[in-house]
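K.L.:
My questions all concern the structure below.
Number of protein chains: 2
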Amino acid sequence: MHVTNAETRPTLADVAARAGVSKSLVSLVMRDEPGAGAETRRRVLEAADELGYHPDSRARLLRSGRSRLLGVVFGIQHAFHVDLVTALYTAARDSGYELALSAVTPNRDETEATASLLQDRCEALIMLGPQTPAHTLARLTTRLPVVVLARGVRGADVIRTADADGLHQAVDHLARLGHQRIAHIDGGRAPGAADRRRGYREAMDAHGLSRHVQIVAGGLTEEKGTTAARALLDQSQPPTAITIFNDRCATGVLDVLARGGLQVPEDVSVVGYDDSHLARLAHINLTTIAQDVHTMTKLAVARAIDRIEGANVAHRTIVVPPHLVIRGTTGPATTQS
Amino acid sequence: MHVTNAETRPTLADVAARAGVSKSLVSLVMRDEPGAGAETRRRVLEAADELGYHPDSRARLLRSGRSRLLGVVFGIQHAFHVDLVTALYTAARDSGYELALSAVTPNRDETEATASLLQDRCEALIMLGPQTPAHTLARLTTRLPVVVLARGVRGADVIRTADADGLHQAVDHLARLGHQRIAHIDGGRAPGAADRRRGYREAMDAHGLSRHVQIVAGGLTEEKGTTAARALLDQSQPPTAITIFNDRCATGVLDVLARGGLQVPEDVSVVGYDDSHLARLAHINLTTIAQDVHTMTKLAVARAIDRIEGANVAHRTIVVPPHLVIRGTTGPATTQS
DNA sequence: GTTTGAACCTGGAACGTTCCAGACCTACGC
DNA sequence: GCGTAGGTCTGGAACGTTCCAGGTTCAAAC
Numbered sequence: 001m002h003v004t005n006a007e008t009r010p011t012l013a014d015v016a017a018r019a020g021v022s023k024s025l026v027s028l029v030m031r032d033e034p035g036a037g038a039e040t041r042r043r044v045l046e047a048a049d050e051l052g053y054h055p056d057s058r059a060r061l062l063r064s065g066r067s068r069l070l071g072v073v074f075g076i077q078h079a080f081h082v083d084l085v086t087a088l089y090t091a092a093r094d095s096g097y098e099l100a101l102s103a104v105t106p107n108r109d110e111t112e113a114t115a116s117l118l119q120d121r122c123e124a125l126i127m128l129g130p131q132t133p134a135h136t137l138a139r140l141t142t143r144l145p146v147v148v149l150a151r152g153v154r155g156a157d158v159i160r161t162a163d164a165d166g167l168h169q170a171v172d173h174l175a176r177l178g179h180q181r182i183a184h185i186d187g188g189r190a191p192g193a194a195d196r197r198r199g200y201r202e203a204m205d206a207h208g209l210s211r212h213v214q215i216v217a218g219g220l221t222e223e224k225g226t227t228a229a230r231a232l233l234d235q236s237q238p239p240t241a242i243t244i245f246n247d248r249c250a251t252g253v254l255d256v257l258a259r260g261g262l263q264v265p266e267d268v269s270v271v272g273y274d275d276s277h278l279a280r281l282a283h284i285n286l287t288t289i290a291q292d293v294h295t296m297t298k299l300a301v302a303r304a305i306d307r308i309e310g311a312n313v314a315h316r317t318i319v320v321p322p323h324l325v326i327r328g329t330t331g332p333a334t335t336q337s
Numbered sequence: 001m002h003v004t005n006a007e008t009r010p011t012l013a014d015v016a017a018r019a020g021v022s023k024s025l026v027s028l029v030m031r032d033e034p035g036a037g038a039e040t041r042r043r044v045l046e047a048a049d050e051l052g053y054h055p056d057s058r059a060r061l062l063r064s065g066r067s068r069l070l071g072v073v074f075g076i077q078h079a080f081h082v083d084l085v086t087a088l089y090t091a092a093r094d095s096g097y098e099l100a101l102s103a104v105t106p107n108r109d110e111t112e113a114t115a116s117l118l119q120d121r122c123e124a125l126i127m128l129g130p131q132t133p134a135h136t137l138a139r140l141t142t143r144l145p146v147v148v149l150a151r152g153v154r155g156a157d158v159i160r161t162a163d164a165d166g167l168h169q170a171v172d173h174l175a176r177l178g179h180q181r182i183a184h185i186d187g188g189r190a191p192g193a194a195d196r197r198r199g200y201r202e203a204m205d206a207h208g209l210s211r212h213v214q215i216v217a218g219g220l221t222e223e224k225g226t227t228a229a230r231a232l233l234d235q236s237q238p239p240t241a242i243t244i245f246n247d248r249c250a251t252g253v254l255d256v257l258a259r260g261g262l263q264v265p266e267d268v269s270v271v272g273y274d275d276s277h278l279a280r281l282a283h284i285n286l287t288t289i290a291q292d293v294h295t296m297t298k299l300a301v302a303r304a305i306d307r308i309e310g311a312n313v314a315h316r317t318i319v320v321p322p323h324l325v326i327r328g329t330t331g332p333a334t335t336q337s
């Protein structure tokens, strides 16, 4: 006999007893599967409601052998990751899978974040701009499907933006506005940085501006942006336009410009990268290269699920085109220069 | 295509078979419980390692009736929440409990975030600055322990900062520097905003500056900061110092000042609130009121666990004192004003 | 009047753990 | 010699589901 105790939550058996049917039938009804009559279904639902029954996902998942969980590893401090996670939630909404977040923080590295998701028996991993070495990722891939977002790497599924193309668009835009001394503050060894550097160089060449190519060491953070910007401004002939590795770094640059008494875009034009929520802030209002977060996350979820359900495509990279978003930090080059 | 049974992960039984012992014994060893001989223990661990065995938390939790999970509801867009989550991870590290994150995003409200954690059978909820109405929180409390961080609310455990005290410290600091026209940009209806407003007013009174009290409507975001700052600067006699609801809002203010050609702190001093990572950025370098994130998160985790383990203290609020962090955005009032 | 086949429902065996009661040793005190 | 007490180890019953193979019923088709 099952005694309903205040401490223990009601179970399938309790509901079954109350509705006068079998556990199996209640199970069916709870999952909204066919195979139960309308009237019985109603009675079962009523009983469940009265008891305040909620299915126990642990037991459910244990039995079905599945967790229906997509693990997400992300850097909680990264503006762009935050945007991606936000979009991932909506991308996963109707997929029948849930997201399990695991954050990377200054005190919690990627290995730890990943391990905790594995323990939860996630069925696939979506990793945002992971720093994990390629061979470690490859090993992970043998355990479960891994989709890497915003970083190119062999051996796993990758969804990334056409980074070089993004910088082409940035340079094209600036060149159209008459700029010639266009500099680039890069992202060092960060994922995507190399491609963006290359794109910048190619585009400058294409516009016949090779002699004005100038690449300054930057990084992912505001800090790096400020030091890079100071270095640029210290020159005898500072650039009239700057393309920057990402938006976060760009805000550091903007800050240095403002403090230096330089008007944006009158004196200097600035283009960021990511179109993260930072760029959209009214007081930043940054012209930037948008990564198509919506598409990228949709593709990532879809690919993860395909893999889970056994699609045996070779590991493949999907490249999503970026696009220019013109806001207030770019304007025509002044004639004097 | 692999021939190995990549489909099924190794289980306790597999390890037991390989080591030539019973499931129960392996279970003991895996949990590091006493009751197994040194040599057997070694053999079991070896077998587990060779098979790449990892315990299945679902089954484990199902059987033990516990999840050892602390659910965390947080706003992924909020700089301060990000700091709190970061600290929560380290606070929970050696507690024997894991964190389950559930983010609130523009498309995923608190109700949804909470529901998903309940389904995972979290044993307690830690909610960061929740917007959920008090009576809904109270109902939640009947289902499981709820610890609210950074918002005062009756009926649940609350860990919060002495917000009024924080503004006292800010005003004291500015008054000591000789400022008189000290304004406050508030946080509207945000958690804590009312207390900070009150603290500001009290402190101004205490310094005999009642006639200079000026409160401008602000908010949580950079945007709100910029419009509030513009309103302040438009006056015939703008303030020489500004205290602001939070750091994020303060960066908006700083930006307006910089663009307006005003030097900080020479022309205007600025004090933020939270000491979030924003404030520490070299180019922001914001004087601010630090909430003691370390202590708050430690207390939150401890309280949650106390509740889980049956400590039956009455619901109680713990107030943590804030402290002033002097950085570069405050300086002596200029004599001329 | 039998057969057929949906539509509805049931019982019991998994899933991979933990927990409990007890079995088997060996050593020890008397 | 006996009883007892630890220290090791084992078998099997939970935990709350889902899944599978079947069992009724009842109306329509032969």
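From first to last, the protein sequence lines are chains A and B. Under the numbering used here, the first sequence has 157 at position 157, and the numbering climbs by one with no breaks. Under the numbering used here, the second sequence has 144 at position 144, and the numbering climbs by one with no breaks. C-beta: ideal position from N, C-alpha, C; glycine also. In this text the structure is predicted, and so the values were computed from the model without any measurement.
Please tell me whether A/G272 and A/A304 are closer than 8 Å, where the distance is taken between their beta carbons.
P.N.:
Against a cut-off of 8 Å, the Cβ pair of A/A304 and A/G272 comes out as no contact.
K.L.:
So the alpha helix (DSSP H) B/L45 belongs to, where does it begin and stop?
P.N.:
38 to 51 is the span of the alpha helix (DSSP H), which, as asked, contains B/L45.
K.L.:
So within the segment 275 to 325 of chain A, which uninterrupted alpha helix (DSSP H) runs reach at least 4 residues, ignoring any that extend past its ends?
P.N.:
Those alpha helix (DSSP H) runs which fall completely within the segment 275 to 325 of chain A and span 4+ residues are 277 to 280, 293 to 308.
K.L.:
Pull up the distance between the alpha-carbon of A/V158 and that of A/A36, whole angstroms please.
P.N.:
Rounded to whole angstroms, A/V158 to A/A36 spans 43 Å at the Cα level.
K.L.:
Give the DSSP bridge partners of A/H81, in chain order.
P.N.:
Answer is none; A/H81 lacks a bridge partner.
K.L.:
Where in the segment 168 to 239 of chain A do unbroken runs of the beta strand (DSSP E), each at least 3 residues long, occur, reported from the N-terminal end onward?
P.N.:
Counting only runs of 3 or more, we get 182 to 185, 214 to 216.
K.L.:
For B/D275, which residues from the same chain have a beta carbon less than 6 Å from its beta carbon, with the 5 sequence-adjacent residues on both sides left out?
P.N.:
Hits under 6 Å: T288, A290, V325.
K.L.:
Taking Cβ-Cβ distances shorter than 8 Å, what residues in chain B pair up with A/A258?
P.N.:
Chain B residues near A/A258: D255, A258, R259.
K.L.:
Please report the distance separating the alpha-carbon of B/R181 from that of B/H283.
P.N.:
Each residue's alpha carbon lies about 26 Å from the other.
K.L.:
Are the C-beta atoms of A/Y89 and some chain B residue less than 8 Å apart?
P.N.:
Output row for A/Y89: interface = yes.
K.L.:
At least one CB of chain A closer than 8 Å to the CB of B/T11: is that the case?
P.N.:
Answer no: the Cβ-Cβ gap between B/T11 and chain A never drops below 8 Å.
K.L.:
Give the single residue among A/H173, A/D120, A/H207, A/L174 whose Cα lies nearest to the Cα of A/E98.
P.N.:
Comparing Cα-Cα distances from A/E98 to each of A/H173, A/D120, A/H207, A/L174, the minimum goes to A/D120.
K.L.:
Is B/V153 helix, strand or coil by DSSP?
P.N.:
In the structure shown, B/V153 sits in coil (DSSP, three-state: anything other than H, G, I, E or B).
K.L.:
If you pair each beta-carbon of the segment 302 to 318 of chain A with each one of the segment 110 to 118 of chain A, do three or more pairs fall below 8 Å?
P.N.:
Cβ pair count under 8 Å is below three, so no.
K.L.:
Counting contacts by CB-CB distance shorter than 8 Å, is B/V3 in contact with chain A?
P.N.:
Its pLDDT being 27, under 50, B/V3 is placed unreliably by the model, and nothing is read from it.
K.L.:
Tell me the DSSP secondary structure of B/R341 in three-state form.
P.N.:
This structure cannot settle anything about residue 341 of chain B, because the visible part of chain B is limited to 1 through 337.
K.L.:
Under three-state DSSP, which class holds A/E98?
P.N.:
Three-state result, A/E98: strand.
K.L.:
If we count the other Cβ atoms within 10 Å of its Cβ and call it buried at 16 or more, is B/S22 buried or exposed?
P.N.:
B/S22 is exposed by the Cβ-count criterion.
K.L.:
With a threshold of 8 Å between beta-carbons, can A/A6 be considered close to chain B, or not?
P.N.:
Residue confidence is low: A/A6 scores 41 on pLDDT, short of 50, so the model does not pin down where it sits. Its coordinate-derived value is still stated next. Not one chain B Cβ lies under 8 Å of A/A6.
K.L.:
Using the Cα positions of A/R68 and A/R154, report the straight-line distance between them to the nearest angstrom.
P.N.:
Taking the straight line from one Cα to the other gives about 26 Å.
K.L.:
Per the contact definition of three or more C-beta pairs closer than 8 Å, is the segment 293 to 302 of chain B in contact with the segment 258 to 271 of chain B?
P.N.:
Not touching, per the Cβ criterion.
K.L.:
Counting only beta-carbon separations shorter than 8 Å, does A/D306 have a partner in chain B?
P.N.:
It does not; no Cβ of chain B falls within 8 Å.
K.L.:
Hey, how far is the Cα of B/T338 from the Cα of A/I242?
P.N.:
Limits of chain B in this structure are 1 at one end and 337 at the other, which puts residue 338 of chain B out of reach.
K.L.:
Chain B beta carbons: is any one of them nearer than 8 Å to that of A/L70?
P.N.:
Chain B contact via Cβ: absent.
K.L.:
Count the other C-beta atoms from every protein chain shown that fall within 10 angstroms of the C-beta of B/A170, then say buried if there are 16 or more, exposed otherwise.
P.N.:
With 16 or more other Cβ atoms within 10 Å, it is buried.
K.L.:
Please name the residues in the segment 99 to 132 of chain A whose beta-carbon is closer than 8 Å to at least one beta-carbon of chain B, in chain order.
P.N.:
Residues A100, L101, S102, A103, T105, P106, N107, R108, S116, L118, Q119, D120, R121.
K.L.:
If you reduce the DSSP assignment to three classes, tell me which class A/G166 lands in.
P.N.:
Note: A/G166 maps to helix in three-state DSSP.
K.L.:
Which chain B residues are close to A/T226, counting only those with a beta carbon under 8 Å from its beta carbon?
P.N.:
The answer, in chain order, is A282, H283.
K.L.:
A/T226 and A/R248 look like a contact to me (Cβ under 8 Å); what is the Cβ gap, rounded to whole Å?
P.N.:
Their Cβ separation, rounded to whole angstroms, is 12 Å, which puts A/T226 and A/R248 out of contact at 8 Å.
K.L.:
Does the beta-carbon distance from B/A228 to B/V216 come in below 8 Å?
P.N.:
For B/A228 and B/V216, yes; Cβs fall inside 8 Å.
K.L.:
Excluding five sequence neighbours on each side, which residues of the same chain lie with their C-beta closer than 6 Å to the C-beta of A/A300?
P.N.:
Answer for A/A300: I126, V147, L149, I159, listed in chain order.
K.L.:
By DSSP's criteria, A/L70 is part of a beta bridge. Which residues make up the other side?
P.N.:
DSSP lists A/L99, A/A124 as partners of A/L70.
K.L.:
Whose C-beta lies closer than 7 Å to the C-beta of B/D255 among residues of the same chain, with five residues either side of it excluded?
P.N.:
Only T226 meet the Cβ criterion.
K.L.:
In the DSSP assignment, find the alpha helix (DSSP H) that holds A/T251 and state where it starts and stops.
P.N.:
247 to 259 is the extent of the alpha helix (DSSP H) around A/T251.
K.L.:
To the nearest angstrom, report how far apart A/A13 and B/G129 are at their CA atoms.
P.N.:
Taking the straight line joining both Cα atoms gives about 38 Å.
K.L.:
At 7 Å on the CB atoms, spell out the chain A contacts of B/E222, in chain order.
P.N.:
Residues of chain A passing the Cβ test: L281, H283.
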